[in-house]
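Q: Handing you this structure, nothing more for now.
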Amino acid sequence: DQQVKQNSPSLSVQEGRISILNCDYTNSMFDYFLWYKKYPAEGPTFLISISSIKDKNEDGRFTVFLNKSAKHLSLHIVPSQPGDSAVYFCAALNYGGSQGNLIFGKGTKLSVKP
Amino acid sequence: KAGVTQTPRYLIKTRGQQVTLSCSPISGHRSVSWYQQTPGQGLQFLFEYFSETQRNKGNFPGRFSGRQFSNSRSEMNVSTLELGDSALYLCASKGQNNEKLFFGSGTQLSVL
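Here is the structure:
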């Protein structure tokens, strides 16, 4: 059973427009969420995170929104740039639980076209 | 500060062989986690080591094992390799009271 789901395997947007990547989770014990970005042949790099006590966190062009009641989070990239083309992974964690490892979704491949 | 270092970068093995992958965490990080990435499956958690002890384990068969040394370096071993073990194996470290993982570039394992 997948606890973290990214239902869109791919997304294509025009440069300058908004990219919205979505993530759903099933475990209500998750209380910390992260987004990672991965280029081919490289390891994932941390992008932005959000604690369950917040519903929004912003860092430059990147904003993460959390809707706890819907068990849904989204990553907004505005404006999108060609260099943002990568695979984006959503990850979740039960910070206070014994299972301290990050659970990742399957990723969404973002293509930003010039 | 040097990042997470994984060796080797690429590896080709045949079915039935065994393989050992190495990971050096960021200096000062005592937690090392291993993940397997296959196309369409995302990153699947293998195990986490902290202070030379396995702290968490994912749902992988016993052919997958690991260990951590006193300097926090970690190794992962896969015995009796199967074709389905072909994947990118990623190592990540994290500091204390920080849930952000820092990943290495991975070891791309191909089993023929």
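Chains A and B, in that order, give the protein sequences. Quick note, the first sequence lines up with residues 10 to 123 if you use this note's numbering. Quick note, the second sequence lines up with residues 209 to 320 if you use this note's numbering. C-beta: ideal position from N, C-alpha, C; glycine also. These numbers were taken from a predicted model, which means no experiment stands behind them.
#1: Count the other CB atoms within 10 Å of the CB of A/D64; is the residue buried (16 or more) or exposed (fewer)?
#2: Does any heavy atom of the ligand GTP sit closer than 7 Å to the C-beta of B/G236?
#3: So, for A/S21: in the same chain, excluding its five sequence neighbours on each side, which residues have a beta-carbon less than 7 Å away from its beta-carbon?
#4: Mapping DSSP to helix, strand and coil, what is B/G250?
#5: Within 8 Å, do at least three Cβ pairs link the segment 301-313 of chain B to the segment 227-245 of chain B?
#6: Verify whether the separation of the beta carbon atoms of A/K80 and A/T117 is less than 8 Å.
#7: Quick check: the Cα distance between A/V96 and A/Y48, rounded to an integer number of angstroms?
#8: What residue range is occupied by the uninterrupted beta strand (DSSP E) comprising A/S58?
#9: Which whole-angstrom value is the C-beta distance of B/L291 and B/Q226, which I expect to be below 8 Å?
#10: Check each residue of the segment 51-78 of chain A: if its Cβ is closer than 9 Å to any Cβ of chain B, include it; give the result in chain order.
#11: Applying the criterion that 16 or more other CB atoms from any shown protein chain within 10 Å of the CB defines a buried residue, is A/I27 buried or exposed?
#12: At 7 Å on the CB atoms, spell out the chain B contacts of A/L111, in chain order.
#13: Output needed in chain order: residues of the segment 230-264 of chain B with a Cβ under 8 Å from some Cβ in chain A.
A: Put simply:
#1: exposed
#2: For the ligand GTP, the structure offers nothing, since it holds no ligand at all.
#3: S120 and K122
#4: strand
#5: yes
#6: no
#7: 7 Å
#8: T54 to S60
#9: Their Cβ separation, rounded to whole angstroms, is 15 Å, which puts B/L291 and B/Q226 out of contact at 8 Å.
#10: E51, G52, P53, T54, F55 and S58
#11: exposed
#12: L309
#13: S241, Y243, G248, Q249, G250, L251, Q252, F253, E256, R263 and N264
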